[in-house]
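Asker: Heads up: the sequence shown is residues 1 to 80, going by UniProt numbering. Every residue, glycine too, gets a C-beta built ideally from N, C-alpha and C.
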Amino acid sequence: MGEDEGSKQIYYSDKYFDEQYEYRHVTLPRELLKQVPKTHLMSEEEWRSLGVQQSLGWVHYMIHEPGNWHTCLLQKPSRC
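(1) Once you ignore the five residues that flank Lys15 on each side, which residues in its own chain have a CB closer than 7 Å to its CB?
(2) Is Glu45 closer than 9 Å to Trp58 when the C-beta atoms are compared?
(3) Looking at the strands, I want to know which residues DSSP matches up with Thr71.
(4) Taking buried to mean at least 16 other C-beta atoms within 10 Å of its own C-beta, is Met42 buried or exposed?
(5) What separation, rounded to the nearest whole angstrom, lies between the Cα atoms of His64 and Tyr11?
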């Protein structure tokens, strides 16, 4: 898939894990950037309203890097 084709889609990374959490990076299309809050991490309701689809329990816990608002880092407790 070329960059132009994928630029309008939400990209989900593979999940990765540590002892406590599952993690996933979700990259939003740049046209959604105006809808991403810049003052706080998004609530589940906020990221779902942008079209992100995840099972229950995921939390937006960090910005990927300063100013990289189109990549959301999500985590949820691991099932041990």
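Answerer: Taking the definition as stated:
(1) By 1-based counting over the sequence shown, the position of residue 15 is 15. Same-chain partners within the cutoff: Glu22, Tyr23, Arg24.
(2) Position 58 of the sequence shown, counted from the first residue, corresponds to residue 58. Position 45 of the sequence shown, counted from the first residue, corresponds to residue 45. Not closer than 9 Å, so no.
(3) Residue mapping note: residue 71 aligns to position 71 of the sequence shown, counting from 1. Per the DSSP secondary-structure output, Thr71 pairs in a beta bridge with Thr27.
(4) Position 42 of the sequence shown, counted from the start, is the residue given in the question as residue 42. In summary, Met42 is buried, with 16 or more beta-carbon neighbours lying within 10 Å of its beta-carbon over all protein chains present.
(5) Counting from 1 along the sequence shown, the entry for residue 64 is found at position 64. Counting from 1 along the sequence shown, the entry for residue 11 is found at position 11. Each residue's alpha carbon lies about 14 Å from the other.
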